[in-house]
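In the numbering used here, the protein residues as written are 6 to 329. Think of the CB as a built atom: it goes at the ideal place given N, C-alpha and C, for glycine as much as any other residue. Remember, it's a predicted structure, so these values are computed and weren't measured experimentally. Working notes, structure below.
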Ligand code: SF4
Ligand code: MG
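Quick look at the structure:
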């Protein structure tokens with residue numbers, strides 16, 4: 006396993022009390038594999054990723070347990086300067102908002118070149134040549150000419166390609182992309198996703214793709230981990246999930262996105278809202294919104310049941326859900 010997150014716990018101290026933003030999350034990703042982490046906003050998917058990257062910056066956020074084993078070492082045990090070396094060089098992150106992640110007063114060519122002068126000790130001239138190569142690689146047309154332009158001169162989709170180029174610059178073993186296409190329109194979304202998937206294949210990297218949109222992961226992910234209220238509620242190969250979800254929450258997510266294979270089906274949003282993390286409902290956290298809920302769900306927290314060798318579901322009634 007390239008990355009293995011084990012029983013990770015992150016808490017936030019808020020005015021309302023302690024929020025368990027990540028409550029015992031375990032997942033793994035191999036080299037050359039794409040794991041999609043799915044869930045509504047506030048489910049803990051971004052916080053988990055930030056803990057993995059070591060950029061959990063919000064002061065009240067605290068890792069209270071677990072391990073993040075990357076290439077054989079637990080990153081949570083490294084000192085900050087060692088951690089910084091891993092970040093960027095061995096794992097990199099792509100964010101939703103390229104415009105605020107890029108430096109507005111530096112041309113994109115210079116920003117990319119800086120990766121090579123700072124981290125690889127290249128000459129400015131060589132670094133600049135590498136920058137243009139990278140822009141080419143993420144298929145920015147007329148890369149040589151456009152290298153002199155500033156972030157605001159690029160469209161949203163092109164800016165996201167520049168972010169991908171930045172992330173790829175040092176050839177990391179793992180890329181974490183947090184809602185990388187959410188701000189883009191649908192056609193551009195598909196193109197950027199495809200590019201990511203292709204580069205991941207070519208370079209043999211591991212990719213963690215964080216999204217609230219099940220619609221975008223079908224073609225690019227190998228596995229899916231679905232998060233709810235800080236926990237993983239279903240973990241499975243992507244095709245299993247599309248065929249038949251083993252958790253009512255996953256079913257709800259599936260029913261709320263358009264699917265080419267199920268034309269004419271009515272789209273339904275999941276009723277209600279995710280819980281306030283300082284007051285997670287007892288038993289199964291999803292019970293107030295779950296169409297299958299019954300008494301035991303209100304008192305007994307479901308473990309991640311083994312549905313198959315490669316699949317888990319945190320629902321007492323996963324069999325029923327599968328047969329549904
Ligand atoms: Fe629904 Fe109960 Fe399953 Fe939770 S354990 S998802 S409430 S059926
Ligand atoms: Mg987020």
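Straight-line gap, residue i to residue j (C-alpha atoms, nearest Å)
i           : j           : result
residue 123 : residue 286 : 49 Å
residue 174 : residue 323 : 43 Å
residue 289 : residue 73  : 26 Å
residue 303 : residue 234 : 15 Å
residue 330 : residue 325 : Residue 330 lies beyond the range of the chain shown here (6 to 329); nothing can be said about it.
residue 187 : residue 139 : 23 Å
residue 315 : residue 219 : 19 Å
residue 242 : residue 228 : 4 Å
residue 56  : residue 68  : 7 Å
residue 256 : residue 201 : 26 Å
residue 262 : residue 46  : 16 Å
residue 127 : residue 100 : 26 Å
residue 203 : residue 248 : 24 Å
residue 113 : residue 159 : 10 Å
residue 43  : residue 50  : 7 Å
residue 193 : residue 136 : 23 Å
residue 81  : residue 250 : 33 Å
residue 238 : residue 88  : 30 Å
residue 132 : residue 141 : 14 Å
residue 92  : residue 85  : 10 Å
residue 103 : residue 70  : 31 Å
residue 178 : residue 15  : 25 Å
residue 308 : residue 327 : 17 Å
Collapsed DSSP secondary structure at residue i in the structure displayed
i           : result
residue 46  : coil
residue 233 : strand
residue 201 : helix
residue 285 : coil
residue 96  : strand
residue 275 : coil
residue 311 : strand
residue 73  : strand
residue 10  : strand
residue 67  : strand
residue 4   : Past the edges of the chain, shown from 6 to 329, lies residue 4, and the structure says nothing about it.
residue 263 : coil
residue 291 : coil
residue 280 : coil
Beta-bridge pairing of residue i - partner residues as DSSP gives them
i           : result
residue 25  : 16
residue 126 : Bridge partners of residue 126: none, in fact.
residue 328 : Its beta-bridge partners do not exist; DSSP assigns none.
residue 41  : 214 and 229
residue 239 : 231 and 318
residue 33  : 9
Residue i - containing alpha helix (DSSP H), residue span
i           : result
residue 243 : 243 to 248
residue 258 : 253 to 260
residue 150 : 148 to 151
residue 169 : 161 to 173
residue 300 : 300 to 304
residue 104 : 103 to 106
First and last residue of the uninterrupted beta strand (DSSP E) at residue i
i           : result
residue 183 : 179 to 183
Beta carbon shell of the ligand SF4 at less than 5 Å from a heavy atom: 253, 289, 291, 292, 295, 297, 298, 302, 307, 320, 321 and 322
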